[in-house]
Each structure stands twice: as structure tokens, then as C-alpha cells.
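Since the structure comes first, as C-alpha cells, the remarks are kept for the end.
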Amino acid sequence: MSFEFGFHHYMPISDSDMRQGLYLTGGGRGIIPAGQSYPPAEHPEMYHFSWRLGRELPEFQFILITEGCGEFESEPTGLVEFMCGTLIILFPGVWHRYRPAKVSGWTERWVSLHGVLLHDLIDDGSLNPKSAVFSIPDSTFAVQTFDGVLNRLHAEPAIQTAAIRIGAMQLLSLVLDHCPERPKAADQASERLHQVDDELVLQSLQIIWTQSHRSLSVNKICSQLPTTRRTLERRFSKILGHTLLDEINLCRISRAKRLLVETRLQVKSIAYMSGFGSQERLRCLMFSMEGCSPTEYREQNAWAPTNTPS
404 MSFEFGFHHY MPISDSDMRQ GLYLTGGGRG IIPAGQSYPP AEHPEMYHFS
454 WRLGRELPEF QFILITEGCG EFESEPTGLV EFMCGTLIIL FPGVWHRYRP
504 AKVSGWTERW VSLHGVLLHD LIDDGSLNPK SAVFSIPDST FAVQTFDGVL
554 NRLHAEPAIQ TAAIRIGAMQ LLSLVLDHCP ERPKAADQAS ERLHQVDDEL
604 VLQSLQIIWT QSHRSLSVNK ICSQLPTTRR TLERRFSKIL GHTLLDEINL
654 CRISRAKRLL VETRLQVKSI AYMSGFGSQE RLRCLMFSME GCSPTEYREQ
704 NAWAPTNTPS
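Going by my numbering, the sequence shown opens with residue 404, and the numbers climb by one from there.
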């Protein structure tokens with residue numbers, strides 16, 4: 404595979420891709436000479452930004468800076484100055500801006516990703532917008548990992564291949580190995596798990612909160628446990644006060660609400676990523692549980708950065 408340095412690609416994303424736990428949306432690498440304006444003007448409007456205004460992205464992006472230095476700012480981090488050997492994480496829906504120092508420029512590699520897996524990592528505290536900038540001691544290995552993904556992307560920029568997905572998982576592993584550890588976040592799932600001392604009910608909760616973004620039914624849950632549906636339904640309702648199906652719906656709505664607030668993804672895409680069979684099913688359940696449509700929920704709970712760009 405030939406090596407080319409200066410390029411970027413934005414991948415077409417299908418509904419099937421969005422139903423995956425992790426998928427690529429784009430990537431590139433380049434050298435920004437000292438004194439050159441940033442970012443380069445050839446990027447699509449949604450991805451272009453100015454230092455004065457900053458921007459928000461609809462997906463995650465990992466950026467590796469191997470030469471030069473610069474600065475990054477977001478509402479959770481404040482202004483951060485950094486040197487080469489730095490990895491930056493951009494989070495969906497979080498205002499940010501970054502640029503190389505005029506005296507140095509920099510060398511950058513970046514990969515954009517999305518999927519339920521990444522949001523799950525925010526939920527459990529593995530990824531946190533407050534820790535969006537950190538150093539990578541072994542930049543050689545980091546470069547190899549980024550280039551493994553980028554070379555395949557450059558060779559087949561219109562296809563979400565299995566090799567690209569595997570590369571994305573390796574890249575995510577690199578990020579998790581180096582990002583600062585943070586206390587695990589308390590969420591609905593962890594709160595429920597701490598309340599339950601029935602082993603069968605506990606196992607069913609773990610299945611629901613880790614697998615409900617896929618096709619999941621009460622029968623599928625029961626098939627993974629050493630019990631009958633009748634027994635599990637009875638014990639589940641006795642302890643939690645509602646049915647297994649209610650819990651599945653609660654989990655899916657929780658995921659959909661977070662995606663509606665934190666991303667700019669279309670409601671149809673969010674429905675599939677949250678485990679719903681259709682956009683209409685999400686709409687009906689949202690009305691039943693929240694009293695509004697998904698679009699209205701997004702508008703009522705829109706996140707807005709508190710800092711004002713200078």
C-alpha cells in the first residue's frame with residue numbers, strides 16, 4: 404500500500420453503518436507550515452471553523468499531533484497549550500476550537516468516529532470531555548496505529564470495510580490506554596445494579612443495559628439465563644416493580660435522549676442506534692414517557708456552551 408501524507412476523506416454513512424457499535428466517518432493527515440492559516444479551507448462547511456467562532460461536531464474525532472505545538476479550548480477544559488506528542492478528543496455537541504502555534508505549525512493525523520460504543524464509554528466514565536487533551540509518551544506506536552486506519556481509508560474511502568472497523572477498535576484501544584483515568588460516572592444502569600441482590604434479575608439487567616442497542620426481546624434475554632420466562636418475569640417485577648420490556652424501553656429511551664441532546668444526528672439514525680425498529684416506535688415511546696416528540700425533546704434540552712468565543 405503506497406503512503407501518501409496530505410489528504411482527507413469524509414465517508415458516506417449508511418443506516419447499516421449507524422447500527423454498528425463503532426464506525427468511521429472520516430480521516431486525514433497533513434502538515435501545517437508555520438504561519439499558515441488554520442484549518443485549511445478545502446474542508447466541507449460543517450467541518451470548517453474559525454478560531455473566533457469555534458464549532459461543534461456531530462461525531463467524535465481523535466487528533467494526533469506529532470510535530471509542532473498549539474492550543475485547544477472547550478468549555479469543559481478551558482484553554483490548554485500543548486506540545487507535540489499530544490492526542491486530542493473532540494466530543495459531539497461540545498463547542499471547541501484549536502490551532503497550531505504560528506511559529507511552529509504542526510503535523511496532524513485525525514480520525515472521525517461515531518457509534519453507541521463511544522457513548523457507552525462516556526456513560527461509564529472512560530471518556531470525559533474534561534480530559535480531552537493528553538500526552539502520548541510512545542508517539543511511534545500511536546503514529547503506526549493512526550496510519551493503519553488512515554492508509555486503509557485512503558485506499559477505499561467509500562467503503563466501511565471490516566479492516567477499517569478493526570483499525571478503529573485498535574485506535575480506540577490506544578486512546579483508552581493513554582487518556583487520564585476518571586471516576587466512573589453514576590448512571591441509571593449502575594444505580595439499578597446496586598439496588599438488586601437477586602442474581603437472575605442482576606444478570607438480566609446487565610444484558611439489557613449492554614445489548615439493548617441491538618435486536619433484543621424478552622425471549623432472547625431468557626434464552627441467555629438458566630430460568631424460564633415466567634420465573635424471570637415474576638422475580639423482575641417483584642424487585643423492580645415493572646416488566647422486562649419496560650426496562651428495555653427505559654434503557655433505549657435513555658440512550659436516545661442522550662443522543663438527541665449530545666449529537667446532531669437525524670432522529671431516524673438515533674432510533675436505530677438506540678435499538679428501536681423504526682423512527683415511529685421511538686416517537687410513540689417518547690410521547691408516552693416524556694410527553695413530547697424526539698425533535699421537541701432535543702429543542703427543549705439543547706446543550707449550549709457557557710463560554711463566549713473571543
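C-beta: ideal position from N, C-alpha, C; glycine also.
Quantities reported herein were computed from a predicted structural model and do not represent experimental measurements.
By alpha-carbon distance to Glu478, the top candidate from Arg500, Ile466 and Cys695 is Arg500. Restricting attention to alpha helix (DSSP H) runs no shorter than 4 residues, the stretch 404-456 encloses them at 418-421, ordered along the chain. Taking Ile673 as reference, the option from Ile525, Gln423 and His411 with the minimal CA-CA separation is Gln423. Residue burial annotation: Asn622 is exposed, with fewer than 16 other C-beta atoms found within 10 angstroms of its C-beta.
Beyond the five residues adjoining it in sequence on each side, Glu462 comes within less than 6 angstroms, by CB distance, of Thr428, Pro495, Ser515 and His517 in the same chain, given in chain order. When secondary structure is reduced to three states using DSSP, Gln563 falls in the coil class, being assigned neither helix nor strand. With respect to the C-alpha of Tyr413, the residue from Gly430, Arg684, Ala535 and Glu474 having the closest C-alpha is Gly430. For the options Lys660, Val578 and His581, the alpha carbon positioned closest to that of Met676 is the one of Lys660. Val506 counts as exposed, since fewer than 16 other beta carbons sit within 10 angstroms of its beta carbon. Residue pairing by DSSP places His517 opposite Tyr426 in a beta bridge. Three or more Cβ pairs drawn from the stretch 627-644 and the stretch 600-614 lie within less than 8 angstroms of each other, which places the two stretches in contact. Counting the other CB atoms within 10 Å of its CB gives Arg432 a total of 16 or more, which places it among the buried residues. Look at the beta carbons and you see the stretch 570-580 touching the stretch 550-559: at least three pairs across the two are nearer than 8 angstroms. In the three-state scheme derived from DSSP, where H, G and I count as helix and E and B as strand, Trp509 is classed as strand.
If you look at Phe679, you'll find it isn't in any beta strand (DSSP E); DSSP assigns it neither H nor E. In the three-state reduction of the DSSP assignment, Ile491 falls in the strand class.
Boundaries of the beta strand (DSSP E) harbouring Ile466: Phe463 to Gly471, taken from the DSSP string.
Counting only the Cα atoms, Ser529 lies some 18 angstroms from Gln609.
For Phe690, the closest C-alpha among the options Val497, Val483, Leu653 and Arg455 is that of Leu653.
For Phe485, the closest alpha carbon among the candidates Ile435, Gln439, Cys472 and Glu476 is that of Cys472. Under a 10 Å Cβ-count criterion, Arg655 is classified as buried, with 16 or more other Cβ atoms of the shown protein chains found around its own Cβ.
Going by beta carbons, Ile611 and Glu650 fall inside the 7 angstroms limit.
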